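Undergrad: The following block contains the structure, expressed as structure tokens.
Residue numbers (our numbering), protein chains in the order written: chain A, 1 to 233; chain B, 1001 to 1078.
Now the structure itself:
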């Protein structure tokens, strides 16, 4: 175990998230009912994804600035963990939709499928999927690192219109859009009361630390692979 | 004197308890939003918490073993 204190911190924070997240009191709201507790899990996946993509983006820029191959490995590992978190966020969101928007807000499946936030998130994830397709299509290591670093910057920039800007411009059922009466996105101070913040912020940190841990494992595997390749050659 | 104080406290205490009960029942009537109160009252929610914690522990244990294996490999490859 290398530098293990923050890994233990991640475990402790997630234990706290699950216990307090299920047992601590939450605001009583119609339609949402107990599903409001999904905030500690579903929203944290997207927060984690965003943080992973930011780290990946920084390493891509660093690669282009320095041409050090390690940075390419970093960028790729963080992007892959970010994509996994995005898929988990999408799946949990789909679960949440079936019990809140569909039965209680009387939305048809068609309305949910037209939902701009969902389409935007799908586009963003597909752009990142294309990043991995692009990576695997190169045989030359330097070319792969360079082109995929440039593409990663493009993919990161595309996140902003697709999941942050467009759903706010057009109406959306998702909390945070002008069409919904729940106001501005996730970070609105009126949306979440202080009892939920006490659990939510540690939850974000906990899930993010776990993701960073998994990303570092991937990085170390890749570095080992590179080393053994060099030894074999 | 002491006796008298005790008496007053007892009466006050009774009064507050009654008031508290009255307020809570009034509040309970106001809120019609359904929550999983029944589930919490008979304690079954703890089963869910326990299940999730077991999964969490399992997950962390797994990641931890991978981490340890990697550390070993890294040492061997040095």
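We put the CB at the ideal spot given by N, CA and C, even for glycine.
Everything numeric in this text was worked out from a predicted model, so none of it was measured.
Under a Cβ-count criterion, where at least 16 other Cβ atoms within 10 Å of its own Cβ denotes burial, should residue 17 (chain A) be classed as buried or exposed?
TA: Residue 17 (chain A) is buried by the Cβ-count criterion.
Undergrad: Under 8 Å by Cβ, that's how I've got residue 10 (chain A) and residue 206 (chain A) pegged, so tell me the actual separation to the nearest angstrom.
TA: Confirmed, about 5 Å.
Undergrad: Quick check on the burial criterion: 16 or more other C-beta atoms within 10 angstroms. Buried or exposed for residue 220 (chain A)?
TA: Residue 220 (chain A) comes out buried.
Undergrad: Let me know if residue 34 (chain A) comes out buried or exposed under the rule of 16 or more other beta-carbons within 10 Å of its beta-carbon.
TA: Residue 34 (chain A) is buried by the Cβ-count criterion.
Undergrad: If the cut is a Cβ gap below 8 Å, which residues of chain B does residue 47 (chain A) touch?
TA: Per Cβ cutoff of 8 Å: no residues; residue 47 (chain A) is ~18 Å from chain B at best.
Undergrad: Does the segment 40 to 60 of chain A touch the segment 76 to 95 of chain A, meaning 3 or more C-beta pairs lie closer than 8 Å?
TA: Yes, the segment 76 to 95 of chain A touches the segment 40 to 60 of chain A.
Undergrad: Determine whether the beta carbon atoms of residue 148 (chain A) and residue 76 (chain A) lie at a separation below 9 Å.
TA: Yes, these two residues count as a Cβ contact at 9 Å.
Undergrad: Between residue 76 (chain A) and chain B, is the shortest Cβ-Cβ distance under 9 Å, so that the two count as touching?
TA: Not closer than 9 Å to any Cβ of chain B, the Cβ of residue 76 (chain A) fails to qualify, so no.
Undergrad: At which residue ranges does the segment 94 to 161 of chain A contain complete alpha helix (DSSP H) runs of 4 or more residues, listed in the order of the chain?
TA: With a minimum length of 4 residues, the continuous alpha helix (DSSP H) runs that stay inside the segment 94 to 161 of chain A are 101 to 104, 109 to 113, 116 to 136, 141 to 159.
Undergrad: Exposed or buried, residue 1044 (chain B), counting other C-beta atoms within 10 Å across all chains shown (16 or more means buried)?
TA: Residue 1044 (chain B) comes out exposed.
Undergrad: Would you mind reading off the limits of the alpha helix (DSSP H) that contains residue 175 (chain A)?
TA: Taken as a continuous stretch (DSSP letters only), residue 175 (chain A) belongs to no alpha helix (DSSP H), as it is neither H nor E.
Undergrad: Inspect the beta-carbon positions of residue 56 (chain A) and residue 82 (chain A) and report whether they are closer than 9 Å.
TA: Yes, Cβ-Cβ distance for residue 56 (chain A) and residue 82 (chain A) is below 9 Å.
Undergrad: Using beta-carbon positions only, say whether residue 1048 (chain B) and residue 217 (chain A) come within less than 9 Å of one another.
TA: Not closer than 9 Å, so no.
Undergrad: Residue 123 (chain A) to residue 109 (chain A), Cα distance in whole Å?
TA: Those two C-alpha atoms are separated by around 19 Å.
Undergrad: On the three-state DSSP scale, how would you describe residue 1035 (chain B)?
TA: Here residue 1035 (chain B) sits in coil by DSSP.
Undergrad: In whole angstroms, give me the CA-to-CA distance for residue 15 (chain A) and residue 38 (chain A).
TA: One C-alpha to the other measures close to 16 Å.
Undergrad: Taking 9 Å as the CB-CB limit, is residue 1067 (chain B) close to chain A?
TA: Yes, residue 1067 (chain B) counts as interfacial toward chain A.
Undergrad: By how many angstroms is the C-alpha of residue 154 (chain A) removed from the C-alpha of residue 79 (chain A)?
TA: One C-alpha to the other measures close to 13 Å.
Undergrad: Between the beta-carbon of residue 224 (chain A) and the beta-carbon of residue 1059 (chain B), is there less than 9 Å?
TA: No, they are not a contact pair.
Undergrad: Closest to residue 86 (chain A) by CA distance: which of A:129, A:116, A:100 is it?
TA: Measuring from the Cα of residue 86 (chain A), the nearest candidate turns out to be A:129.
Undergrad: So residue 202 (chain A) and residue 13 (chain A) are in contact, right, with Cβ under 8 Å, and what is the actual spacing, rounded?
TA: So it is a contact: roughly 5 Å between Cβ atoms.
Undergrad: For residue 32 (chain A), count neighbouring C-beta atoms within 10 Å of its own C-beta (all shown protein chains included) and say buried if the count is 16 or more, exposed if not.
TA: By the 10 Å Cβ count, residue 32 (chain A) comes out buried.
Undergrad: Check this for me: beta carbons of residue 167 (chain A) and residue 120 (chain A), under 9 Å apart or not?
TA: Taking 9 Å as the Cβ cut-off, residue 167 (chain A) and residue 120 (chain A) qualify as a contacting pair.
Undergrad: Tell me the residue span of the alpha helix (DSSP H) that contains residue 19 (chain A).
TA: First-last of the alpha helix (DSSP H) with residue 19 (chain A): 5 to 23.
Undergrad: Is residue 141 (chain A) closer than 9 Å to residue 69 (chain A) when the C-beta atoms are compared?
TA: Yes. Within cutoff.
Undergrad: So that I know if they touch, is there some Cβ in chain B lying closer than 9 Å to that of residue 195 (chain A)?
TA: Chain B, which has no Cβ nearer than 9 Å to the Cβ of residue 195 (chain A), makes this no.
Undergrad: Do residue 1033 (chain B) and residue 30 (chain A) have their CB atoms nearer than 9 Å?
TA: Contact: yes.
Undergrad: Compare the beta carbon distance of residue 21 (chain A) and residue 208 (chain A) with 9 Å and say whether it is the shorter of the two.
TA: Not a contact, by the Cβ cut-off of 9 Å.
Undergrad: Measure the Cβ-Cβ separation of residue 239 (chain A) and residue 96 (chain A) and say whether it is below 9 Å.
TA: The structure shown does not extend to residue 239 (chain A), since chain A is modelled only from 1 through 233, so no value can be given for it.
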